[in-house]
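4 protein chains.
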Amino acid sequence: MWAPPLERRTPVSGAFLADTRLSEFASQCIIIHMTIRIAVAGASGYAGGELLRLLLAHPDVEIGALTAGGNAGSRLGEHQPHLLPLADRVLAETTAAALDGHDVVFLALPHGHSAAIAAELAPGTLVVDCGADHRLTDPADWDRWYGGEHAGHWPYGLPELPGARDILRSATRVAVPGCYPTVSTLALAPAVQHGLVEPEVVVVAVSGTSGAGKSLKPHLLGSEVMGSLRAYGVGGAHRHTPEITQNLSVVAGKRVAVSFTPVLAPLPRGILATCGARLTGSDDPRSVYEKAYADEPFVHLLPEGQWPTTAAVLGSNAVQLQVTVDADLGRLVVVAAVDNLTKGTAGAAVQSMNIALGLPETAGLSTVGVAP
Amino acid sequence: MWAPPLERRTPVSGAFLADTRLSEFASQCIIIHMTIRIAVAGASGYAGGELLRLLLAHPDVEIGALTAGGNAGSRLGEHQPHLLPLADRVLAETTAAALDGHDVVFLALPHGHSAAIAAELAPGTLVVDCGADHRLTDPADWDRWYGGEHAGHWPYGLPELPGARDILRSATRVAVPGCYPTVSTLALAPAVQHGLVEPEVVVVAVSGTSGAGKSLKPHLLGSEVMGSLRAYGVGGAHRHTPEITQNLSVVAGKRVAVSFTPVLAPLPRGILATCGARLTGSDDPRSVYEKAYADEPFVHLLPEGQWPTTAAVLGSNAVQLQVTVDADLGRLVVVAAVDNLTKGTAGAAVQSMNIALGLPETAGLSTVGVAP
Amino acid sequence: MWAPPLERRTPVSGAFLADTRLSEFASQCIIIHMTIRIAVAGASGYAGGELLRLLLAHPDVEIGALTAGGNAGSRLGEHQPHLLPLADRVLAETTAAALDGHDVVFLALPHGHSAAIAAELAPGTLVVDCGADHRLTDPADWDRWYGGEHAGHWPYGLPELPGARDILRSATRVAVPGCYPTVSTLALAPAVQHGLVEPEVVVVAVSGTSGAGKSLKPHLLGSEVMGSLRAYGVGGAHRHTPEITQNLSVVAGKRVAVSFTPVLAPLPRGILATCGARLTGSDDPRSVYEKAYADEPFVHLLPEGQWPTTAAVLGSNAVQLQVTVDADLGRLVVVAAVDNLTKGTAGAAVQSMNIALGLPETAGLSTVGVAP
Amino acid sequence: MWAPPLERRTPVSGAFLADTRLSEFASQCIIIHMTIRIAVAGASGYAGGELLRLLLAHPDVEIGALTAGGNAGSRLGEHQPHLLPLADRVLAETTAAALDGHDVVFLALPHGHSAAIAAELAPGTLVVDCGADHRLTDPADWDRWYGGEHAGHWPYGLPELPGARDILRSATRVAVPGCYPTVSTLALAPAVQHGLVEPEVVVVAVSGTSGAGKSLKPHLLGSEVMGSLRAYGVGGAHRHTPEITQNLSVVAGKRVAVSFTPVLAPLPRGILATCGARLTGSDDPRSVYEKAYADEPFVHLLPEGQWPTTAAVLGSNAVQLQVTVDADLGRLVVVAAVDNLTKGTAGAAVQSMNIALGLPETAGLSTVGVAP
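Chains as they are written, first to last, in this note's numbering: chain A, 1 to 372; chain B, 1 to 372; chain C, 1 to 372; chain D, 1 to 372.
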């Protein structure tokens, strides 16, 4: 049984403290606190590192096993020098044995490795998969975009989608959304759900390089990335296209066609998505978006005239949105900014864990970015 | 046996020499060469600096007056430390008197200043305006997007447009296109000209910061720009929207609707434009683009599978293009990369000058970028 | 009277929770918590923004008045879009009246403005000055490097210096060190204190651009900064030279000569200082540094062979150090990394506040960086 | 009346033409020009790419064989998309057979591969080695810093060193200096040659990432490099230390001790070196440097008060210098900027070739940088 006051310990809640301080303090004296033991598989990668950065700030978590593939046997500090409190932890080999015996296991593994590991873990263990294996519902999509046999579909860790929280509340398995699908879906869901736009949307998302992970490819070298912009996976060739299509189609209740182009830009973190579609009528999109996200702790529609920047969400779990109408063309344009490693990956994983365990949804998560 | 004058004229054109060597060498033996005296107004800004960088490498040009506004009286080296051969030149006040008496005057001034200066220059002087004043044909567009009285329309310095070279050949006034319109127009012109796509196009163009000039605005500070992405002028609010619309509509012979969104990214130079539109039929866009640009010295359709990067065109006058079809959506997607200061501004100005003066079009211009 | 257990609520302490949980929980039931009301003058600048980012995560703080100069009257969100919980706060004019009535007032003002404001505040108010006004002890130094009358010397907010904590514990006024002096002093203090090196040191410190603040100067524009490196204040001309000299001379008990050169590099945050001096003997510097910083929560000597990076301390209050000996030259070389806005400014301010108020020194501060 | 062959030979040398025009024009009229056939081994790497970028602009060169190791068999355009005129060239395997039959062979190979290849080439072939194999004169240094048997010493391609041009004029083998040694040596040579400083110098050189080549190492990934600074090879551990020591000791006529620390910064190109030493007397260093470099086409002492930036020399063969005296310490401080790939590698190779072949030293080289 979990201690609400502990939620007050999270940095993000600093702003909400005043009104709740007394009740909080009173309740603190009568509850017993239990710590959640977590493990992270793939702790030497970018997603794993961001999970640990967030979990170190989580009031209810104790960090257990850290595992890796090729880096097993080395100190975490060699790979994640920014995680000082864990620098001397030695990485274990990624095996079910090493991960077993924890309340929560986060998987930050290459595609295709999650199902086998999860199958060996105790049924009661909450398994949160940051990989793609369990995101797609249609095995045909999996086969076309990733190839091979589909591992099956898990509850989808995008709580802001209609009905998602109910499913996550009872979940012991969670599929964390991809970074592009997260920002694209949140940018367009209210519009397609309320039929504001025709079911054909165009998304061009500019991303930092950490989304590609630590893979040693020439085009990811600093010398290649800095001072350059490159598009890739153009013409619907990127694996996140079917995931965005799936999300928006579910929300719309009908097939939504998605033209998606990712662009690689010279920054480590952040995605800025420009999303457009033809308006069906003259409804005011702004009021629809205001209603849709009024109660969401992490999705913020900016005041009119202010546009999102990725720097403003760096390291935070917030999504910043702005909507406008191109009157000449009768098109809706939504711009959204997210940190691909936080709300785009690790933050969504922690947010989903909080819901699944009945913790306050914002525990250990912040809406404050690190800027400049 | 080898022709010194020739290979020496334009090192950059090495690639195109072979076929023309003999005839040109012959001509060398009978012509007397006159050097062209040029002046640059706005020499301390980014466009002015790039003009001078290119003109220093131009075989037929002698650099005359350099003028500025607030920086008049100071050494060029204080503002353009990369232009060593001109470092000790002192900037004159921007006046018609200072600019008169040159064969060519390049204007790199804030919007609204070109017409008055040009009116005072000798009629025979070739005036090349890098500003927006003379780009738009419709006074109503000028009034809506820039405000005030329209200075009139000059021959448009985008030689790759159908018929443009004929107009430029006899021109004494040239309006250099905007950087976004250059890359967007070249990316979509063949498609709209041949009716491959419906007359509604979506352009999202990611740009480096030099396009904004040296203006001292907080959002252009290095601390704000680095590590961040920001959209601006969203929803058709950017002044380049009517220029792109004008270009594509002329090429298509009918109104083309343009949804244009610019995104600011952390690099000094370069624009990567992602351009899409719904296909009208099943023609093969690639062959259309191959034919359209087969003879263009500066527009390069890349081999299938290779995507443009801005680093590959840094400091060069080349445009790199790739086209593909999103079969699921029946959409054409074209990605184009350009250096906003070279082909996007100063290179187009020099290319236009070359045509207007009957010089080889590639004189002083390069298709070789500076990378990494 | 303050509540130690609350310190456990801070993210950074996640790593220290296990052993202290029970005693903490027990103690929690018997104390009364009181919140500290703070004000920030200069809230729209970089130092002010970082102060607020940290204070939002501080368990014992309530954020009161936010003031500014030219930006007074506007929403904080216009200037600090990353501070979502405070976005709608309106900035007041920076006056003593606006700042009065708070337990702590942080001053992040241009040089020369602190003394007058501080004089008008209630004597009991803790005033923490992030500016330079009260750092130098010698009025002659002030006059030479800043000019004008010296405002006097306040307790110096570098707790890691010998004896500093005792002075800070009873302080109602604190002068926060400059960013370069912080990293340079911590890198060299153990060596000069124990006479490991001759009293002439050479420091070359490479810095991100935020140290220059939001000042609108051409050389700070993104287009100028990105892709470039520039030295400035060379030859002992930088105002931080006398501060470093003062610190090291006090620690050494004799005059230490400091050759200091700052270099501006294309990143928003972070300073990497390379510090060298000739060794006096054959003592092992490493063991001296290990002892010197063994109990310091924020200064970390890295394992042999691992070198500091600024990314590893981004947004954290940690300093990462490595020491080595150049045997051929008999020189000590120390490399240190710090975030100029956190431990280099705002983090030191909060750390000093914690000490002055008897709070746990690490309250609201983290040793976890945001990387990559 | 104007001299076509001349102004056309080297646009970049426009600044130096005036005085030599007539005599050169005269010579043009009586000589038959032969084109120099060159080959580049390692054409897919950064040094190879920069060599080709410069050679494409060289008036007297024809580009022959391009070879590679692992990339043999692929199009150059896949690896060097910025070299459009050569995009369709297919890379041959790096063998003596492929490289033979050229007037000049440039070697841009990993250390240890040059000697074997060179031994198989015709004795008359000019071999310019961009690697380290033939830089060091002392086999013991080679064995200590690189290991294994010393390949021997070749004429050193730093023409600005006293006497260097005489040696290069008759050379058929050239060892191109390392990038750090180039900038460090040029920054300090006048001071040590004229005994202005004590023979112990401290160099901290901040570099872009391309100096590390295209090697696929995690710390060179864009995500790691951007937003970070890291020192490496600290304490005299970098292989360029003995080369700098060798250069300065030869110039000084006695052993000069060098404390060298390289720092990796987030930019692709450029090195900024801060170099200091204790002054021996009160001579005016500035006048010594003015004299030393008065006639050098590529080394520029900036006007007092102006400091070098790497952006100003990007893609150019120029070195920008500034000298000052720290009067408090009696130290000389010299700051120098260079492009590590141009003057730091490929530009020096071309400059050395020009001298060895009796071409104008500046042929194909520019003192104009690409900025911003």
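Virtual Cβ for every residue (Gly too), placed ideally from N, Cα, C. Bear in mind the structure is a predicted one, so any value in this text is a computation, not a measurement.
Look at the alpha carbon of residue i and the alpha carbon of residue j, and state the distance between them as a whole number of angstroms.
i, j, result
"Ser23 of chain B", "Leu359 of chain B", "Here Ser23 of chain B scores only 40 on pLDDT, less than 50, and its place in the model is too uncertain to base an answer on."
"Leu329 of chain D", "Gly235 of chain C", "9 Å"
"Gly369 of chain C", "Pro266 of chain A", "20 Å"
"Leu302 of chain C", "Val192 of chain A", "52 Å"
"Val335 of chain A", "Ala72 of chain C", "29 Å"
"Asp138 of chain D", "Val250 of chain D", "12 Å"
"Leu66 of chain D", "Ala43 of chain D", "6 Å"
"Gly364 of chain D", "Gln246 of chain C", "52 Å"
"Asp88 of chain D", "His79 of chain D", "11 Å"
"Leu314 of chain D", "Trp154 of chain A", "52 Å"
"Thr367 of chain D", "Ser316 of chain D", "5 Å"
"Leu6 of chain A", "Gln320 of chain B", "For Leu6 of chain A, the predicted model reports a pLDDT of 31, less than 50, meaning its position is unreliable and no value from the coordinates is stated."
"Ala92 of chain C", "Thr342 of chain A", "33 Å"
"Thr182 of chain D", "Ala337 of chain D", "10 Å"
"Phe25 of chain A", "Asp60 of chain C", "For Phe25 of chain A, the predicted structure reports a pLDDT of 43, less than 50, and the residue's modelled location is therefore unreliable. A value from the coordinates is still provided. Their backbone Cα atoms lie some 13 Å apart in a straight line."
I'd like the span of the beta strand (DSSP E) that includes residue i, first residue to last.
i, result
"Gln320 of chain C", "319-326"
"His79 of chain D", "First-last for His79 of chain D: 76-79, but that is the alpha helix (DSSP H), not the beta strand (DSSP E)."
"Gly347 of chain D", "Not the beta strand (DSSP E): Gly347 of chain D falls in the alpha helix (DSSP H), residues 347-356."
"Arg255 of chain B", "Careful: Arg255 of chain B lies outside any beta strand (DSSP E) and carries neither H nor E."
"Arg278 of chain B", "271-279"
"Ala96 of chain D", "Premise fails: Ala96 of chain D lies in the alpha helix (DSSP H), 96-99, not in any beta strand (DSSP E)."
Are the CB atoms of residue j and residue i within a distance shorter than 9 Å?
i, j, result
"Ala118 of chain C", "Val127 of chain C", "yes"
"His300 of chain A", "Ala318 of chain A", "yes"
"Gly101 of chain D", "Arg37 of chain D", "yes"
"Cys130 of chain A", "Leu188 of chain A", "no"
"Ile271 of chain C", "Val225 of chain C", "no"
"Thr309 of chain D", "Pro81 of chain B", "yes"
"His238 of chain A", "Tyr180 of chain A", "yes"
"His240 of chain C", "Pro262 of chain C", "yes"
"Thr280 of chain A", "Leu161 of chain A", "no"
"Gly157 of chain C", "Ala327 of chain C", "no"
How would you write the range of the alpha helix (DSSP H) that residue i sits in, first residue to last?
i, result
"Ala377 of chain D", "The question about residue 377 of chain D has no answer, for chain D in this structure spans 1 to 372."
"Arg53 of chain B", "46-55"
"Glu243 of chain D", "241-252"
"Glu361 of chain D", "Premise fails: Glu361 of chain D is in no alpha helix (DSSP H) and is neither H nor E."
"Glu224 of chain A", "222-225"
If you scan the stretch 124-207 of chain D from start to end, which runs of the alpha helix (DSSP H) of 4 or more residues do you find wholly inside it?
139-145, 164-169, 179-193
Contact residues within the stretch 310-335 of chain D, judged by C-beta distance below 9 Å to chain B
Ala311, Ala312, Val313, Leu314, Gly315, Ser316, Ala318, Gln320
Of the residues that make up the stretch 341-368 of chain D, which ones have a beta carbon closer than 9 Å to any beta carbon in chain A?
none
At a Cβ cut of 7 Å, what residues of the stretch 257-278 of chain C count as close to chain B, listed as they run along the chain?
Pro266, Leu267, Pro268
Closer than 8 Å, Cβ to any Cβ of chain B: which residues of the stretch 223-234 of chain D, in chain order?
Met226, Gly227
Which residues, in order along the stretch 292-307 of chain C, keep a beta-carbon less than 9 Å from a beta-carbon of chain D?
Trp307
What residues from the stretch 239-250 of chain D come within 9 Å of chain A, judged by C-beta to C-beta, listed N to C?
none
Residues of the stretch 193-216 of chain A whose Cβ lies closer than 7 Å to any Cβ of chain D, in chain order:
Thr209, Ser210, Lys214, Leu216
When Cβ atoms are compared, which residues of the stretch 42-65 of chain B fall closer than 8 Å to chain C?
Tyr46
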